[in-house]
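Report on one structure; see the data block that follows.
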Amino acid sequence: MRFDTVIIGGGLAGLICGIHLSKRGQRCAIISSGQSALHFSSGSLDLLGTLPNSEEVESPVQALTALAEQAPNHPYARFDAERFVTLANKGAELLREAGIDVIGSAEKNHYRLTPTGAMKPTWLTFGGYVHSASPEELEWKSVALFNAEGFLDFYPQFLADEMRRKGTKCNVHTFNLPELEILRQNPTEMRSANIARIFDNEATLNELANQIASRIGDEQAVLLPAFMGINSQGNLKYLMHKLNRPVAVVATLPPSVPGLQVQTLLRRYFQELGGTYMLGDTAQGYQATQDKISALYTRNHGDIALKADNYVLATGSFFSGGLVATNTEVYEPLFKVDVCYDSEREKWYDRDLFQAQGYEEFGIATTPTFNAQRAGQPIENLYAVGAALAGFNAVKQGCGAGVSILTAIEVAEQILSKM
Amino acid sequence: MMTEHSEFNFEQCIKCTVCTVYCPVAAVNPLFPGPKQAGPDGERLRLKDKGFFDESLKMCLNCKRCEVACPSNVRIGDIIQAARIKHSRKGPGLRERLLANTDFIGSMATPFAPLVNMTVGLKPVKMVMDKVVGIDHHRTFPRYAFGTFEGWLKRKRKKQSKFARQISYFHGCYVNYNNPQLGKDFVKVMNALGIGVQLLEKEKCCGVPLISNGLIDKARRQGEHNTALLRQSIIENNRPVVGTSTTCTFTLRDEYPHLLSIDNADIRDKIDLATRYIYRILESGEVQLHFKKNAPQRRVAYHTACHMEKLGWAYYSIALLKMIPSVELTILDSQCCGIAGTYGFKKENYPTAQAIGDTLFRKIEASGCDVVSTDCETCKWQIEMSTSKPVVHPISLLAEALE
Amino acid sequence: MTREVDVIIIGGGATGAGVARDCALRGIKSLLIERGDIATGATGRNHGLLHSGARYAVTDRESAEECIKENMILRRIASHCVEQTDGLFISLPEDGLEFQAKFIDSCRAAGIRADAIDPKEALLLEPSANPEMIGAVRVPDGAVDPFRLTTANLIDAKLNGAEVLTYHKVEDFIRNQNRIEGVVVRDMHTNELKELRAQIVVNAGGIWGHDLAAKAGVTVKMLPAKGSLLIFGHRVNNVVINRCRKPADADILVPGDTISLIGTTSSKVPFNEVDNMYVTADEVDLLLREGTKLAPSLAHTRILRAYAGVRPLVASDDDPSGRSVSRGIVLLDHATRDGLEGFITITGGKLMTYRLMAEWTTDLICKKLNIKKKCKTAELKLPGSRQKEERLSKRLHTIPTAQRESVINRHGDMVERVNMGDAAHRSLVCECEEVTVGEVKYALNELDVRNLVDLRRRTRVGMGTCQGELCACRAAGIMAEAGKYCSQRAKQDLADFLNERWKGMAPVAWGDTLRESQFTTWLYDGICGLKNEKKI
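Residue numbers (our numbering), protein chains in the order written: chain A, 22 to 440; chain B, 2 to 404; chain C, 4 to 539.
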């Protein structure tokens, strides 16, 4: 099989990279070992929320200098402010082109409402998610929050109490539907995605609208857990129209319905652009000549190699298998490229789970142009992007999606510039 | 870590719930515990005490879509099937035996095909099958051909032997008894590529219906028999083995070692699916196919069968279809049609099977295609029964387009 | 506020719970005080091995005899807490067979059935055992769940009139000349001080009994010995595997419920560490190295977590240096020993002998109170163990297998108190360990649960593969909904619970365990924005 670029990893970074390249006429293949971490999305994409010194960031662009001082190995440290904004805006544009409705800018963070009622700074929020320009207050002074009866992956009181502290009155209700009764027969499958599926049926959605309508008063908005719209995106709009007021959602425990939708839309867009997406396959071997990778072998394709001019590692971190930790080392399992990590195991962790963990910053060491290297020698046509990179803490710094998107576009442009 | 074949593969599960999104059964049938519970969660409990085995695991279609989705390489489908094999106490009944023994039934039926086809199509017979045997009356049994494919190819042996390059064809029960035309199309395409087609010494059913109907010992015996034949062809005669059925091919390659503990590591890579085998030859550039000029355009919608998705080889079939000048191709989102071999034939599974396939059927109708193409014979039955479109194998489309 | 009972028991471990039950069955009004939750000390931090006594047969005949007697009693009275797995003592080439002969003789002399079997037969019995073994002896070891055992004792004690106060810490003793007349306790949740009076105060505080005795003005010298263990992700073995040699580090692999665990290491620790022990990388490496000799597959089995307990070793009274310790039961009547009336210390011993320790203690209490009632704890079955599991299983046949069998395993016939009548109550909170909403509510209503960690000890919520990743949030919601706390405290409880899980995962956080923890961090820190306000 012959491609211009083969991308290993089909999550946010891999897809954005593939889309950008495909748009410029490259033939790309993405190999994805199972579904991606987008399935655990919060409903927002973070660019930079907090500096390593715990200072909350208002403007990611303006915080860039401070970030580079505090975390010189951060992938962002390779971008100047102008480049950073260009890449971020390009990313938002690609998402919108793929049909993903996002709001937000790289100049100024806004805040998303988390399921425990916290306000976290973020960059882009998917349409329909509760967000606010200020961490201190919400857009509405009164809301009605409806949860599905027996849905355990969302606890409304967390939200209601926190919203009250922010000056928003929140009335909590539960609803029930015959379709939920059927779902509930299964002790485990009352999950967000399965609930979302029942609302694909317009009659069911209408019944929900009727139930809500009969129980709300003059609340300014209706909130729901994010179990809306797994296949069709119009559900929230339908409810808004029926209820004649804003209807918004808040994230749940996984699976993430909006994440699923984003994954689907990005993949679809990539394929429409002519990209080949191979799900459920794992890259297992390669061929190299001196300082270049010449062919890639996967589990499914066996002896039929995937050949390309360039290869991109978008394999994610430990969870996704892009990095592997044993009790003695951390390594990148496919090409065994250089990885930054601490050789002393006890330094990988902090005793408080909620503090920054050392291991989170481990990752692939790259050149300034994101080329992977072996024993310090760059591999000319192998790049690394996204969560597999070293030098940042996606959760603590609130920069996971940003690093994925920005480095993916940067690498795509590096590749295009070689043509 | 992330090792696919470790003994405790189920421990790689991070409880991320991704598999639950992609299980076609759990989405429509609340009595099935779902892939996470039935698979890795349940396996851990069954290791504690086999009393944790639940007969509801039989509701698993074995579509392996959970495995394709799993970010941790957990062989969820295999875990569920292996648990059924190990623990199920419910023996197969008449219906299971009837559905499982495709080759025996086929060999009995083909000599009397017109009669059999007429009989099983009769309403009273269908009602008896439904009420007494438990085969849903909505189902139409695939028609039996008058005379087998094997018989046909044996008569062509001389001609086939003349080609310099040879392969063995694992035709499967469906081609042999129900659709010899697909086999003939395959031979036509192979011959056009300069390759002769041989039969295996004495091919038996790959065993997948036996496995899914609980006749494991017989499945293992047939698996061992077939593996010996494959080995003879691949190693002794230096002839790779090629199949047109995704499920048969998948079974020979992967279900044998994973579910029946038959070691085929030495020959697995030489067992191929027709479209992949052809792609490989065309890619090498040594041979070219010549297509008819000015053939009427056909709008084809390609459906990725579950085991095709698991094999990861839809790429090859799609690539071949794209080569056909007269084909205007759309690719349907990969999803289960609901039949899963003999699963959908069972009366109790009928509503589940149709509910699973529902969105696919609607997408097919809306696609505006003239024909649906897929590499799986049971998907063909299901789609033809549930939509207005005919279903044709990519190899048949290819054969038809050749000069 | 002052209250008066016959006996105050300090310590909610198995021993304290056993004393409370024994007293209650003999009509003595008792109050058990525990500074945290039940079974948090050595009771809940050991192998969970139902010793046959074989391990002690060669070195400590008396302990061995006590063990086998209690073993047989527990099988009968606590059947829902016990798994009758049997045990193997395997000899590896490096051990030689010399010890085996002596071992078998000593077992038999102590009344422990010990049958030498062919290594091949041993492998059939336990396929995970090291195939290189050169000898094997089969003994009646088993597994016992200490949380269930303690809970069952307390349920029975309460049914018979005892009272239990968890999260109450003894701040001081009420002393009248040479007599202890009660205790001053602090309610750990409200910070309120309470005076509680009794004729006799029993110190069943385990290692913390050292400080308690000092507070009461007497000396009981104890030596904290840290023992670390590893928990593996699933049942690797179904038969206990021991090394047939003089007891040493990491030489017992015990199957317990859904997991297997290997232990222990042994090292002296200072008293200021006993409340918060961390397992070190060296200890983990040693346990793994030795563990793989018992069962080679441990080398590639996922490790769920590591934890450590403290053995309360008691210095012999006749050796002031404290070097010579007694491993047997130590019952101290401070009236005769120190001239302090109304105060008894029960310590030493082991989980296996908790009932016997309670019997001796209660006998002494009876003597002091002049009560002439015989101990019945060896005959009367514990709540949960009074009906056969098969019968319960049949009765609950409409409930799906996994949920049904799990709840019966955990609660025995107490399952009748668990509401699983409708789909909502059958919904799973913890998917790894099959804990339903109904079971969580039962624990919240009836089993003195104050926080998520307590809930875990009663139900196994969060004890499975994912270590609380999905269930913790669900359980916190149910607890808040049940009025156990406000949503603000629920969130801190959630953070505490996840940190308690992380404490055990961090020492083994590589491979899939690290992946799991990274995922947990994404969910709670990332998506949920949960914060921890407490200093670790």
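Quick reminder that beta carbons are idealized off the backbone N, C-alpha and C, glycines included.
Because the structure is a prediction, the values reported are computed rather than measured.
(request) Please name the residue, chosen from ARG461/C, ARG308/C and LYS229/C, that lies closest to LYS271/C on a Cα-to-Cα basis. (result) The shortest C-alpha separation from LYS271/C is found at LYS229/C.
(request) Within 10 angstroms of the Cβ of MET423/C, are there 16 or more other Cβ atoms? Answer buried if so, exposed if not. (result) In this structure MET423/C is buried. Its beta-carbon is surrounded by 16 or more other beta-carbon atoms within 10 angstroms.
(message) Which residue marks the beginning of the beta strand (DSSP E) containing ARG269/B, and which one marks its end?
(response) Here ARG269/B belongs to no beta strand (DSSP E), and DSSP marks it neither H nor E.
(message) Which residues of the region 366 to 398 of chain A have a Cβ closer than 9 Å to any Cβ of chain B? Give them in chain order.
(response) Taking 9 Å as the Cβ-Cβ cut-off, the region 366 to 398 of chain A has no residue approaching chain B.
(message) Taking only three categories from DSSP, how would you classify ARG463/C?
(response) For ARG463/C, the secondary structure class from DSSP, reduced to helix, strand or coil, is coil.
(request) Return the CA-CA distance between ALA475/C and CYS433/C, expressed in angstroms with no decimal places. (result) Within the model, the alpha-carbon separation for ALA475/C versus CYS433/C is close to 8 Å.
(request) Could you please give the first and the last residue of the uninterrupted alpha helix (DSSP H) stretch that includes ASP312/A? (result) Counted as a single uninterrupted DSSP element, the stretch harbouring ASP312/A is not any alpha helix (DSSP H), since DSSP gives it neither H nor E.
(message) Strictly below 9 Å CB to CB, what residues from chain A border ARG477/C?
(response) Going along chain A in sequence order, the residues near ARG477/C (Cβ under 9 Å) are LEU173, ASP174, TYR176 and LEU274.
(message) Please classify SER235/A as buried or exposed, where buried requires at least 16 other C-beta atoms within 10 Å of its C-beta.
(response) Classified as exposed, SER235/A has fewer than 16 neighbouring CB atoms from the shown chains inside 10 Å of its CB.
(request) Kindly say whether GLY480/C, judged by its beta-carbon, lies nearer than 7 Å to any beta-carbon of chain A. (result) At a cut-off of 7 Å between beta-carbon atoms, GLY480/C makes contact with chain A.
(request) Out of THR319/A, SER438/A, MET140/A and GLU431/A, state which residue places its alpha-carbon closest to the alpha-carbon of LYS111/A. (result) Ranked by Cα distance from LYS111/A, the options THR319/A, SER438/A, MET140/A and GLU431/A are led by GLU431/A.
(request) Would you grab the beta carbon distance between PHE375/A and ASP528/C for me? Rounded to a whole angstrom, and I think it's under 8 Å. (result) Right, the Cβ-Cβ distance comes to about 6 Å (below 8 Å), so this counts as a contact.
(message) Less than 7 Å between CB atoms is the rule here; does LYS1/B satisfy it with respect to chain C?
(response) Within the shown structure, residues of chain B are numbered from 2 to 404, placing residue 1/B beyond reach of any answer.
(request) Mind checking who LEU53/C pairs with in its DSSP beta bridge? (result) Answer is GLY145/C.
(message) If you reduce the DSSP assignment to three classes, tell me which class SER65/A lands in.
(response) Strand at SER65/A.
(message) Taking beta-carbon pairs under 8 Å, can you tell me which members of the region 344 to 366 of chain A lie near chain C?
(response) So the list reads VAL345, ALA346, THR347, ASN348 and ARG366, given in the order they occur along the chain.
(request) For my contact list, VAL186/C and LEU199/C are in at a C-beta cut-off of 8 Å; report their separation, rounded to the angstrom. (result) VAL186/C to LEU199/C, Cβ: 5 Å. Contact.
(message) Using the three-state DSSP reduction, which class does SER33/C fall into: helix, strand or coil?
(response) Per DSSP, reduced to three states, the secondary structure at SER33/C is strand.
(message) Using DSSP's beta-bridge definition, name the partner residues of LYS263/A.
(response) LYS263/A is not bridged to any residue.
(request) Determine the burial state of GLN223/B: buried for a count of at least 16 other Cβ atoms within 10 Å of its Cβ, exposed for fewer. (result) GLN223/B is buried by the Cβ-count criterion.
(request) Excluding the 5 residues preceding and the 5 following ALA101/B in the sequence, name in chain order all residues of the same chain whose CB lies nearer than 6 Å to its CB. (result) The answer, listed in chain order, is PRO210, LEU211, ASN214 and LEU216.
(request) To the nearest angstrom, report how far apart GLY15/C and THR356/C are at their CA atoms. (result) If you take the alpha carbons of GLY15/C and THR356/C, they lie about 15 Å apart.
(message) Quick test of your reading: LEU455/C and THR137/A, contact by CB under 8 Å. State the CB separation rounded to the nearest angstrom.
(response) In this structure LEU455/C does not touch THR137/A by the C-beta definition: roughly 15 Å separates them, more than the 8 Å allowed.
(request) Measure the alpha-carbon distance for LEU540/C versus THR360/B and round it to whole angstroms. (result) Chain C is shown from 4 up to 539; residue 540/C falls before or after that span and cannot be answered.
(message) Counting only beta-carbon separations shorter than 7 Å, does THR21/B have a partner in chain A?
(response) Answer yes: the Cβ-Cβ gap between THR21/B and chain A drops below 7 Å somewhere.
(message) Taking the alpha carbon of LEU33/A as the reference point, which residue from ALA409/A, ILE436/A and GLN418/A has its own alpha carbon closest?
(response) Residue ALA409/A is the option with its Cα nearest to LEU33/A.
(message) Counting only C-beta atoms, is ILE76/C closer than 7 Å to chain A at any point?
(response) Against chain A, the CB of ILE76/C has no partner CB under 7 Å away; the residue lies outside that interface.
(request) Put PHE346/C into one of helix, strand or coil per three-state DSSP. (result) PHE346/C falls in the strand class under three-state DSSP.
(message) Whole angstroms are fine: how far does the CA of THR365/C sit from the CA of PRO34/B?
(response) Cα to Cα, the separation comes out at about 50 Å.
(message) Quick check on this structure: which residue in LEU152/C, LYS105/C and ILE36/C has the alpha carbon closest to the alpha carbon of ALA57/C?
(response) Of the candidates LEU152/C, LYS105/C and ILE36/C, the one whose C-alpha sits nearest the C-alpha of ALA57/C is LYS105/C.
(request) Look at the Cβ atom of SER388/C, then the Cβ atom of GLY415/C, and state whether they are nearer than 7 Å. (result) Yes, these two residues count as a Cβ contact at 7 Å.
(request) Label HIS152/A either buried or exposed according to how many other C-beta atoms from any shown protein chain fall within 10 Å of its C-beta, with 16 as the threshold for buried. (result) With 16 or more other CB atoms across the displayed protein chains lying within 10 angstroms of its CB, HIS152/A is buried.
(request) Kindly indicate which three-state DSSP category ALA405/C falls into: helix, strand or coil? (result) Of the three classes helix, strand and coil, the one that applies to ALA405/C here is helix, per DSSP.
(request) For the alpha helix (DSSP H) holding ALA89/A, just list the boundary residues, first then last. (result) That run of the alpha helix (DSSP H) goes 85 to 91.
(message) Using a Cβ-Cβ distance cut-off of 7 Å, determine whether PHE106/C contacts chain B.
(response) At a cut-off of 7 Å between beta carbons, PHE106/C makes no contact with chain B.
(message) Strictly below 7 Å CB to CB, what residues from chain C border GLN206/A?
(response) Neighbours of GLN206/A on chain C, chain order: ALA426.
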